[in-house]
Structures are given as C-alpha cells and as structure tokens.
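Written below as structure tokens is the structure these notes are about.
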Amino acid sequence: MGNKLVIRDMVEEDIPWVMDIELNSFSTPWSEQSFINEIYKKYAITRVAEFESLIIGYISVNYLFHEAHLLNLAVHKDYRRMGVATALMNNILPELKKKGCVFIYLEVRASNTGAQKFYENFGFKVQSIRKKYYGNPDEDAFLMMAKINDGLN
Ligand SMILES: CC(C)(COP(=O)(O)OP(=O)(O)OC[C@H]1O[C@@H](n2cnc3c(N)ncnc32)[C@H](O)[C@@H]1OP(=O)(O)O)[C@@H](O)C(=O)NCCC(=O)NCCS
694 MGNKLVIRDM
704 VEEDIPWVMD
714 IELNSFSTPW
724 SEQSFINEIY
734 KKYAITRVAE
744 FESLIIGYIS
754 VNYLFHEAHL
764 LNLAVHKDYR
774 RMGVATALMN
784 NILPELKKKG
794 CVFIYLEVRA
804 SNTGAQKFYE
814 NFGFKVQSIR
824 KKYYGNPDED
834 AFLMMAKIND
844 GLN
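Residue numbers (the working numbering): 694 to 846.
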C-alpha cells in the first residue's frame with residue numbers, strides 16, 4: 694500500500710463511497726447528513742484514506758481545548774488488516790497534539806474486540822462502561838481513552 698495510500702480531508706463528493714463502507718461496517722450507521730455536518734463543523738477533522746482513486750476508509754474526530762473525541766473510524770472490508778486505520782490515526786494524532794489536545798476518547802461496542810485491540814495498540818485503555826449506549830442490538834459501550842503524547846505520534 695505504502696505511498697499509494699493518500700490521507701486527505703473528506704469532501705461531499707466522497708460521501709457515496711463513504712456511505713457504502715459505513716453501511717457495511719455498522720448496524721447503526723451514520724446518515725449522509727452526519728458526514729456533511731462533520732465536514733463543515735469548526736472543531737472537527739474528517740479525513741478519508743484513498744488508494745488508487747478508491748475511498749477505502751475514513752476517520753472523524755472532534756476536538757475542543759485539551760480533549761479530542763474520536764467519533765467514527767472504518768475501513769472497507771476488503772482492505773482491512775493492511776494498516777489503513779493505523780495510517781488514519783497516525784495522520785490525525787500529531788495534528789490534535791498541535792491543537793493542544795492532551796487526551797482522546799471514544800466509545801466502542803463491548804463486543805467489538807477487534808476494534809478494541811486496534812485501539813489498545815495506540816495506548817487506549819477502557820476507562821468506564823456506558824450501559825446500553827448502543828441499539829440494534831442493545832449493547833454497552835466501552836469508553837476508551839488515551840493520552841496524546843510523544844509515544845502516540
Ligand atoms: C477497526 C478497524 C477500523 C481497523 O482497521 P484496519 O485498517 O483493519 O486496522 P489496521 O490494519 O491498521 O490494524 C492495525 C493493528 O490493529 C489490530 N487489529 C486491527 N483489526 C483487528 C481485528 N479485527 N482483530 C484483532 N486485532 C485487530 C492488529 O494488531 C493490527 O495489526 P496486524 O494486522 O498486524 O495484526 C476495521 O476493522 C473496521 O473498519 N471495523 C469495522 C468498523 C469499526 O468497528 N470501527 C471502530 C468503531 S469504534
């Protein structure tokens with residue numbers, strides 16, 4: 694994949710491809726409008742991973758003062774375990790640090806052990822449990838948190 698993988702800001706034209714990944718990745722997917730809102734929100738970074746002109750992943754994060762919230766991260770099924778999500782994280786973490794963020798948190802389904810393993814690699818630890826945070830099916834969320842420091846980027 695290497696230098697053929699481009700990480701850039703998401704634009705509205707990307708959304709049909711993003712929605713294809715979103716619908717295939719989550720049981721309670723975001724709407725197109727959610728992505729549009731993120732693209733134009735002030736304290737937000739929304740990026741795609743593009744490989745040979747194909748959108749194969751994306752990340753969405755909000756930040757305010759010292760705190761960043763990872764809202765969405767997904768990679769197309771055919772391109773998983775190739776380092777795409779790692780590239781997306783490595784792209785945004787130094788930027789969040791520059792903006793003054795000192796920690797980043799996220800919610801993940803209790804059953805989503807693959808994503809939890811991924812986040813643990815970046816130093817995230819389960820901080821607390823949000824009971825029945827998700828629907829379809831009802832499920833707890835793990836609130837995971839990591840420090841944004843020199844170890845992370
Ligand atoms: C979680 C997700 C974003 C990871 O994307 P990815 O591009 O496959 O991740 P990477 O290739 O960068 O993975 C890096 C490392 O994280 C860990 N990892 C990633 N996916 C994993 C899985 N399913 N099971 C166990 N470990 C995993 C591994 O250590 C992996 O390294 P390895 O492949 O050398 O073993 C992807 O599986 C996905 O889109 N899942 C569906 C949506 C989702 O759950 N998003 C997170 C919601 S909170």
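All residues carry an ideal CB built from backbone N, CA and C; glycine is no exception. Bear in mind the structure is a predicted one, so any value in this text is a computation, not a measurement.
Subject >> Which of helix, strand or coil DSSP assigns to Tyr772 >> reply: helix
**OP:** Just tell me which of Ser753, Glu743, Ala767 and Asn696 has its CA closest to the CA of Glu715.
**Re:** Ala767
**OP:** Tell whether a beta-carbon distance below 8 Å holds between His762 and Leu799.
**Re:** yes
Original post:
With respect to the beta strand (DSSP E) encompassing Met837, which residues constitute its N-terminal and C-terminal limits?
Top reply: Glu832 to Lys840
**OP:** Output yes or no for whether 8 Å exceeds the beta carbon distance between Ile749 and Leu786.
**Re:** no
Subject >> Reference Val704; option with closest CA among Ile729, Gly793, Arg802 and Lys735 >> reply: Ile729
Subject >> As assigned by DSSP and simplified to three states, the class of Val704 >> reply: coil
Original post:
How should Asp753 be labelled, buried or exposed, when 16 other C-beta atoms within 10 angstroms of its C-beta is the threshold for buried?
Top reply: Here residue 753 turns out to be Ser, not Asp, going by the sequence shown. So Ser753 ends up on the buried side.
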